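Take the sequence shown: its position 17, counted from the start at 1, is 213 in this note's numbering, and no numbers get skipped.
Don't be surprised by glycine CBs; every beta carbon is placed ideally from N, CA and C.
Since this is a predicted model, take the numbers as computed values, not measurements.
To start, the structure itself, in structure tokens.
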Amino acid sequence: MSERREILHVLSVTTLASFLTGINARILVVGIPELAHSLGADVEQVIWLTQ
Numbered sequence: 197m198s199e200r201r202e203i204l205h206v207l208s209v210t211t212l213a214s215f216l217t218g219i220n221a222r223i224l225v226v227g228i229p230e231l232a233h234s235l236g237a238d239v240e241q242v243i244w245l246t247q
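Structural data, given as structure tokens:
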């Protein structure tokens with residue numbers, strides 16, 4: 197039972213990390229135009245944030 201619980205924990209953590217990475221990337225991509233405007237930069241100067 198302990199080994200099964202460890203496997204479920206690892207699976208849960210990796211799934212959550214993958215999900216959050218995707219969410220963060222989408223939020224950043226949506227916010228790039230506003231970031232560029234706020235910083236007085238064009239999109240090409242701010243696009244490095246996604247990489």
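Residues near residue i by beta carbon distance below 6 Å, same chain, minus five either side
i	result
V206	none
L231	V242
I219	none
Residue i Cβ short of 7 Å to the ligand FMN heavy atom set
i	result
L224	This structure lacks the ligand FMN; in fact it carries no ligand of any kind.
Secondary structure of residue i, DSSP reduced to three states
i	result
A237	coil
Cβ neighbour criterion (16 or more within 10 Å) applied to residue i
i	result
V239	exposed
V155	Residue 155 falls outside the range modelled here, since the chain spans only 197 to 247, and no answer is possible.
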